[in-house]
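Visitor: Counting from 1, position 208 in the sequence shown corresponds to residue 208 in the UniProt record's numbering; the numbering is continuous, with no gaps.
All residues carry an ideal CB built from backbone N, CA and C; glycine is no exception.
Here the structure is a predicted model, which means the values were calculated and not measured.
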Amino acid sequence: MNPPATFSELVWLARWPLLYGLGTTVAISLLAIIGGTVLGTLLGLVLTYGSRASRFGARLYTDFVRGTPVLVLVLASFYILGVAGLDLSAFQAGVLALTVFCSSHVGEVTRGALQSIHKGQGEAAKAIGLTFSQSFRHVLGPQALRLALPALINTAVEMVKASTLLSVIGVAELLLRTQEVISRTFQSLEFYLLAGFLYFAVNYAIERLGRYVERRTSLA
Numbered sequence: 001m002n003p004p005a006t007f008s009e010l011v012w013l014a015r016w017p018l019l020y021g022l023g024t025t026v027a028i029s030l031l032a033i034i035g036g037t038v039l040g041t042l043l044g045l046v047l048t049y050g051s052r053a054s055r056f057g058a059r060l061y062t063d064f065v066r067g068t069p070v071l072v073l074v075l076a077s078f079y080i081l082g083v084a085g086l087d088l089s090a091f092q093a094g095v096l097a098l099t100v101f102c103s104s105h106v107g108e109v110t111r112g113a114l115q116s117i118h119k120g121q122g123e124a125a126k127a128i129g130l131t132f133s134q135s136f137r138h139v140l141g142p143q144a145l146r147l148a149l150p151a152l153i154n155t156a157v158e159m160v161k162a163s164t165l166l167s168v169i170g171v172a173e174l175l176l177r178t179q180e181v182i183s184r185t186f187q188s189l190e191f192y193l194l195a196g197f198l199y200f201a202v203n204y205a206i207e208r209l210g211r212y213v214e215r216r217t218s219l220a
């Protein structure tokens, strides 16, 4: 009779499913962060400099999304859009839901950062003949980035954690792959701890990258 496999042997046997799940988690989080940052930056600009009607629409979108649980957004993106005729895969629906969620937070962070910059900065840029796009790119944007970075790092970390909810629609991210491995090995505590360590490693990498960017953009 063969002795039972050790945990390290079980991890080695399950390495490819776990690595695939980790790669899926990283890909989803990265796409959501990029898409949410682009859309959220535009939202922040509208909330700060847009017309009254556009500010109202952006505020309505931001408050509605921020007040909606992420799980509801995930289920709506997968099931409701499917009923409406937009047939998205589970992966695409998950990325869409997290992108929308991320954009609402980035939009609010961007608005707060832009509004905290003294109005004289924008007036000085206008006085020397800069267009709004040039002013944002060279004067307002860099200052807003420095102010918003800590909150943006936290938002990026939240996207990684929120990706665990995509298992409910069948996305084979790290949590779902871990649960599949546990169903075969019956070592739940060990594999959940391993999954927790992998999530920590991803979030720690994000945090270190954010701190590096923060140092590079520091005025000191």
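Do M159 and L198 have their C-beta atoms closer together than 7 Å?
Guide: Contact flag unset, no.
Visitor: Pull up the distance between the alpha-carbon of E173 and that of Q115, whole angstroms please.
Guide: Straight-line Cα distance between these residues: approximately 38 Å.
Visitor: To the nearest angstrom, how far is it from the Cα of L19 to the Cα of L165?
Guide: So the two alpha carbons sit approximately 18 Å from each other.
Visitor: From which residue to which residue does the alpha helix (DSSP H) around L13 run?
Guide: From DSSP, the alpha helix (DSSP H) with L13 extends over 7-13.
Visitor: Should the region 179-195 be called in touch with the region 26-37, which here means at least 3 C-beta pairs below 8 Å?
Guide: They do not touch, by the three-pair rule.
Visitor: Pick out whichever of F132, V168, L193 has its Cα sitting closest to the Cα of V46.
Guide: For the residues F132, V168, L193, the minimum Cα distance to V46 belongs to F132.
Visitor: Check whether the Cβ atoms of L22 and G107 lie closer than 7 Å to each other.
Guide: Result no, Cβ atoms of L22 and G107 do not sit closer than 7 Å.
Visitor: With 16 other CB atoms within 10 Å as the buried threshold, where does H138 fall?
Guide: By the neighbour-count rule (16 or more Cβ atoms within 10 Å), H138 is not buried but exposed.
Visitor: Classify F78: buried if its beta carbon has 16 or more other beta carbons within 10 angstroms, exposed otherwise.
Guide: Result: buried.
Visitor: Output the distance between the C-alpha atoms of Y192 and V74, rounded to the nearest integer angstrom.
Guide: C-alpha separation (whole angstroms): 23 Å.
Visitor: What's the C-alpha gap between R15 and S218?
Guide: Cα to Cα, R15 sits roughly 40 Å from S218.
Visitor: Straight-line CA distance for L13 to R66?
Guide: Approximately 41 Å, taken between the alpha carbons.
Visitor: My understanding is that F91 touches V70, with C-beta atoms under 8 Å, so please give their C-beta distance in whole angstroms.
Guide: That pair is no contact at about 16 Å.
Visitor: Here's the rule I'm using: 16 or more other beta-carbon atoms within 10 Å means buried, otherwise exposed. How should residue 225 be labelled?
Guide: Since the first residue shown for the chain is 1 and the last is 220, residue 225 is missing from the structure and cannot be characterised.
Visitor: Going by other Cβ atoms of all chains shown within 10 Å of its Cβ, with 16 needed for buried, is R111 buried or exposed?
Guide: With 16 or more Cβ atoms within 10 Å of its Cβ, R111 is classed as buried.
Visitor: Can you tell which of I34, A93, S51, E9 has its C-alpha closest to the C-alpha of S167?
Guide: That would be A93, whose Cα lies nearest to the Cα of S167.
Visitor: To the nearest angstrom, how far is the alpha carbon of A220 from that of Y204?
Guide: With a pLDDT of only 48 at A220, under the threshold of 50, the placement of this residue in the model should not be trusted, and no figure is reported.
Visitor: Going by CA-CA distance only, name the one from L149, F186, S163, A125 that's closest to T24.
Guide: Cα-wise, what sits closest to T24 is S163.
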